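Worksheet: the structure to be examined is printed underneath.
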Amino acid sequence: MERREFVASLVAGGCAGMCVDLTLFPLDTIKTRLQSQQGFNKAGGFRGIYAGVPSAAVGSFPNAAAFFVTYECTKSLLGAGGPLAAPHVAPVTHMLAASLGEIVACLIRVPTEVVKQRTQASPSSTTYQMLLATLREEGVRGLYRGYRSTVLREIPFSLVQFPLWEYLKTLWSWRQGHTLYSWQAAVCGAFAGAVAAFVTTPLDVAKTRIMLAKAGTATASGNIPLVLYDVWKSRGLTGLFAGSIPRMTFISVGGFIFLGTYEKVRRVLL
Numbered sequence: 001m002e003r004r005e006f007v008a009s010l011v012a013g014g015c016a017g018m019c020v021d022l023t024l025f026p027l028d029t030i031k032t033r034l035q036s037q038q039g040f041n042k043a044g045g046f047r048g049i050y051a052g053v054p055s056a057a058v059g060s061f062p063n064a065a066a067f068f069v070t071y072e073c074t075k076s077l078l079g080a081g082g083p084l085a086a087p088h089v090a091p092v093t094h095m096l097a098a099s100l101g102e103i104v105a106c107l108i109r110v111p112t113e114v115v116k117q118r119t120q121a122s123p124s125s126t127t128y129q130m131l132l133a134t135l136r137e138e139g140v141r142g143l144y145r146g147y148r149s150t151v152l153r154e155i156p157f158s159l160v161q162f163p164l165w166e167y168l169k170t171l172w173s174w175r176q177g178h179t180l181y182s183w184q185a186a187v188c189g190a191f192a193g194a195v196a197a198f199v200t201t202p203l204d205v206a207k208t209r210i211m212l213a214k215a216g217t218a219t220a221s222g223n224i225p226l227v228l229y230d231v232w233k234s235r236g237l238t239g240l241f242a243g244s245i246p247r248m249t250f251i252s253v254g255g256f257i258f259l260g261t262y263e264k265v266r267r268v269l270l
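In terms of the UniProt record's numbering, the sequence shown has 116 at position 116, counting the first letter as 1, and numbering is strictly consecutive.
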C-alpha cells in the first residue's frame, strides 16, 4: 500500500468512526441497558442517555482508523498476488482482512467500551470516575475484561458484514455500469450491517454481560458459552436477542454513515 493510500485510509476511517459513534450514541446506551443483568429501568432507563460519551469520543477515531488501515493493508497484500488474488476468492480476502482489522482495533476499542458501558449502566457516575474505579479495583487488566468476547463478537460480525458489503457494491456497480457513488456504497453498508447485527446479537449480549459483571463473579470470568446458557435459562430466546432492534437500527444507520463517510473521505483524499 502506498503512503497516500495509507494516510487516506487512516483519516477516512477515523472520521467515519467519530461520525457514527457520536451521532448514534443514545441508541447504543439504550441497547446496553436492555442487555444489562439488572434490567433496563435499574440501569438508568431513558435517563442520562449520553452517559459514557467522553469514552466513546476518545476511542472512536483511533479505533476505526486502526481497523481500516489494517483492513486495506491486508486486502492490498493478499490481492497483490498468490492464490487469494483471483476474483472468485475475493470474499475470503475480505473475511481475512476484516478479521485481522477487528483483532487490532479491539486493542483500542475494548478499554473505551468497558468504561463507556459501565458508565451507561450507572449514569450517576462520570466517565472519569468509572475509569478510576476500574483501575483501582482491577488494574489495567480490568480495562480489557471482555476482550476475547468482543473479538469473538466482532469477527463473526465482520465475516458477514464486509464480504456482503463488497459483494453488494460489486453487484450494483456492475448493473449500472460504473463505480458507485458514496451514498450508494452507504446503502450497501446499511443493509450489510443490519444483517450482521441481527445474526451476532447473542454474542453482543454475552459481551455486555461480561463487561458489566462484578469482578470475581462467574460471569466476569468471560466464559461465553456459560453466559449464553445463563441468559437462555433465565430469559430464553428473548434474552439472547435482547437489544436486537436498537442494535440493528444503530448498526444499519451506523453502517450507512460509517461506510458512506469512509468511502467519501477516502475518495476526496485520493
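Just so you know, even glycine gets a beta-carbon here, dropped at the ideal spot from N, CA and C.
Here the structure is a predicted model, which means the values were calculated and not measured.
| In chain order, which alpha helix (DSSP H) runs of at least 4 residues are fully inside the segment 19 to 87? | 25 to 35 and 53 to 79
| said: In this structure, how does DSSP classify R145 when only helix, strand and coil are distinguished? | reply: coil
| task | Report, in whole angstroms, the separation of the C-beta atoms of K207 and C188, which I expect to be a contact under 8 Å. | result | With a Cβ gap of about 26 Å, K207 and C188 do not count as contacting.
| request: Note down, in chain order, each residue of its chain lying with its Cβ closer than 8 Å to the Cβ of L22, except the 5 sequence neighbours on either side. | output: V53, A56, A57 and S60
| request: Please classify F256: does DSSP put it in a helix, a strand, or coil? | output: helix
| request: With T93 as the anchor, note down where its alpha helix (DSSP H) starts and where it stops. | output: A90 to A121
| said: I'd like the list of long-range same chain contacts for A51, defined as Cβ closer than 6 Å, with 5 residues on each side in sequence excluded. | reply: T119, Q120 and P123
| query | Three-state secondary structure (DSSP) at G222? | reply | coil
| said: Assuming the contact rule is C-beta atoms closer than 8 Å, T200 and F157 should be a hit. Round their C-beta distance to whole Å, please. | reply: 5 Å
| Taking DSSP as the reference, what is the three-state secondary structure of T201? | helix
| Comparing alpha-carbon positions, which option in R148, T150, R145 and A194 lies nearest W165? | A194
| field | Own chain, CB closer than 7 Å to R153, minus 5 neighbours either side, in chain order | value | T200, L203, D204 and K207
| query | Does the Cβ of V114 have 16 or more other Cβ atoms within 10 Å, making it buried, or fewer, making it exposed? | reply | buried
| task | Please confirm whether any heavy atom of the ligand FMN lies closer than 7 Å to the CB of M95. | result | In the structure on display, the ligand FMN does not appear, and there are no ligands present to speak of.
| How many whole angstroms separate the CB atoms of A43 and G142, which I take to be in contact at a CB cut-off of 8 Å? | Not really, about 19 Å apart at Cβ, beyond 8 Å.
| field | Coil, strand or helix - G216 by DSSP | value | coil
| field | Sequence-distant residues of its chain with Cβ nearer than 7 Å to R148 (five each side left out) | value | G222
| Do you know offhand how far E72's Cα is from T127's? | 33 Å
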